[in-house]
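Taking it in order: structure first as structure tokens, then the write-up.
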Amino acid sequence: MAMKYGRWKKAGTDWSETCMIGSKYQVWSALAVLALLVLGVGCSRAMARGKTPVLSLFAFNYSPNYLADVRVDGQFLGGVSGYTNGGSAMGPRAPRGKGPDSVRVQWTETNRYDLASNRYLDEGHRVPHEAMVPLKTPYPPDPATLLLHFYPDGHVEAELLGKGVNKWDVRRMPVPKEHKDHDQY
39 MAMKYGRWKK AGTDWSETCM IGSKYQVWSA LAVLALLVLG VGCSRAMARG
89 KTPVLSLFAF NYSPNYLADV RVDGQFLGGV SGYTNGGSAM GPRAPRGKGP
139 DSVRVQWTET NRYDLASNRY LDEGHRVPHE AMVPLKTPYP PDPATLLLHF
189 YPDGHVEAEL LGKGVNKWDV RRMPVPKEHK DHDQY
């Protein structure tokens with residue numbers, strides 16, 4: 039065996055074969071180390087970011103119409119009664135930045151609530167709507183609820199509420215006195 043350039047050569051082999059085997063090994067080793075580094079950096083960045091909290095959805099409806107099949111970014115909220123509110127549902131994740139962000143809201147306007155008779159009138163119309171609604175800024179540091187406001191003129195507003203905020207305190211229009219549930223609001 040002879041040594042050249044820090045490598046041992048067996049008798050009967052060419053120096054180029056010895057170096058080639060060594061350089062292939064070095065290239066594959068370097069690629070493996072590089073892949074592990076890239077993977078490690080990617081994982082650590084993902085872990086450092088963390089996940090934003092899942093928001094609960096809630097809606098106030100100031101219009102006389104029942105709003106059916108309300109969805110926010112594809113998440114189902116359900117129906118929202120005329121002049122009052124809907125139930126609560128699990129919504130999308132809170133936005134990461136300070137804004138501005140928007141949500142896609144879809145709903146179907148259906149029966150009108152008649153204040154004189156205190157019941158819904160089945161007029162047979164179903165009008166689908168869709169809107170990109172900007173989220174009101176600044177965002178709270180601890181968002182917990184995505185609150186929608188449906189107005190009589192057809193526009194929708196959205197805001198994020200922090201964990202300590204009571205959604206009933208941010209209703210923007212009162213329930214009409216003639217409504218049977220007026221005393222509950």
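Residue numbers for the sequence shown follow our numbering, so the first one is 39 and each next one is one higher. Quick reminder that beta carbons are idealized off the backbone N, C-alpha and C, glycines included.
| Asked | Found |
| --- | --- |
| Endpoints, beta strand (DSSP E) assigned at L115 | Q113 to V118 |
| Per DSSP, the bridge partner or partners of E197 | L185 |
| C-beta contact flag for A106 and T148 at 7 Å | yes |
| For V92, three-class secondary structure by DSSP | strand |
| A196 versus L173: straight-line alpha-carbon distance, rounded | 5 Å |
| Residues of its chain near L159, where Cβ-Cβ distance is below 7 Å and the 5 sequence neighbours each way are ignored | N149, R150 and D152 |
| Euclidean distance between Cα positions of P214 and T122 | 9 Å |
| Cβ distance (whole Å) where V165 is taken to contact M128 below 8 Å | Contact doesn't hold; Cβ gap of about 27 Å is too wide. |
| Length of the line joining the Cα atoms of A132 and G202 | 16 Å |
| At least three beta-carbon pairs within less than 8 Å, the segment 183 to 193 to the segment 67 to 77 | no |
| Pairwise C-alpha distance: V141 and P176 | 16 Å |
| 6 Å CB neighbourhood of E168 in its chain, flanking five on each side removed | Q144 |
| L153 - DSSP class collapsed to helix/strand/coil | coil |
| Range covered by the beta strand (DSSP E) that runs through A33 | Residue 33 cannot be examined here, being either before or after the span of the chain that is shown, 39 to 223. |
| Reduced DSSP category for G78 - H, G, I as helix; E, B as strand; rest coil | helix |
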